[in-house]
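Participant:
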Amino acid sequence: MEPVRVIARVVARDGKADELKALLRRLVTPTRAEQGCRYYELFESNLPGLFYFHELWNSREDLNAHAASSHFIEITGKAKELMKEPLEVNFLEEVQ
Numbered sequence: 132m133e134p135v136r137v138i139a140r141v142v143a144r145d146g147k148a149d150e151l152k153a154l155l156r157r158l159v160t161p162t163r164a165e166q167g168c169r170y171y172e173l174f175e176s177n178l179p180g181l182f183y184f185h186e187l188w189n190s191r192e193d194l195n196a197h198a199a200s201s202h203f204i205e206i207t208g209k210a211k212e213l214m215k216e217p218l219e220v221n222f223l224e225e226v227q
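So the mapping is simple: my numbering equals the position in the sequence shown, first residue as 1, plus 131.
1. Once DSSP output is grouped into helix, strand and coil, what is the label at A210?
2. Nearest CA to the CA of L155: which residue from F174, N221, Q227, G167?
3. Going straight from the alpha carbon of Y183 to that of H202, what length do you get?
4. Using a 10 Å radius around the Cβ and a threshold of 16 neighbouring Cβ atoms, would you call V226 buried or exposed?
5. Could you check what DSSP says for V142 in three-state terms: helix, strand or coil?
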């Protein structure tokens with residue numbers, strides 16, 4: 132089974148970047164403890180209000196379980212009012 136690589140992009144509403152960053156940070160520790168999570172990092176861009184999650188999962192099933200987890204649902208639900216646009220999730224394939 133191929134691992135699942137993801138980059139997710141989150142854009143803050145004007146004036147809401149610090150509040151959104153604090154909320155997104157709360158995803159990191161519990162997600163890293165989830166089954167199948169190999170890598171889960173939150174990055175802040177040099178462009179104001181722009182954040183990225185870089186993720187590596189053992190399988191699509193593990194990623195789906197993450198998306199259904201209580202902490203993910205709670206935090207992303209709260210984050211929606213702070214976001215300028217919907218969460219953008221990109222599945223990556225390595226170029227050889």
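Even glycine gets a Cβ: it sits at the ideal position worked out from N, Cα and C.
Facilitator: Looking at the coordinates:
1. helix
2. In terms of CA proximity to L155, F174 leads the group F174, N221, Q227, G167.
3. 18 Å
4. exposed
5. strand
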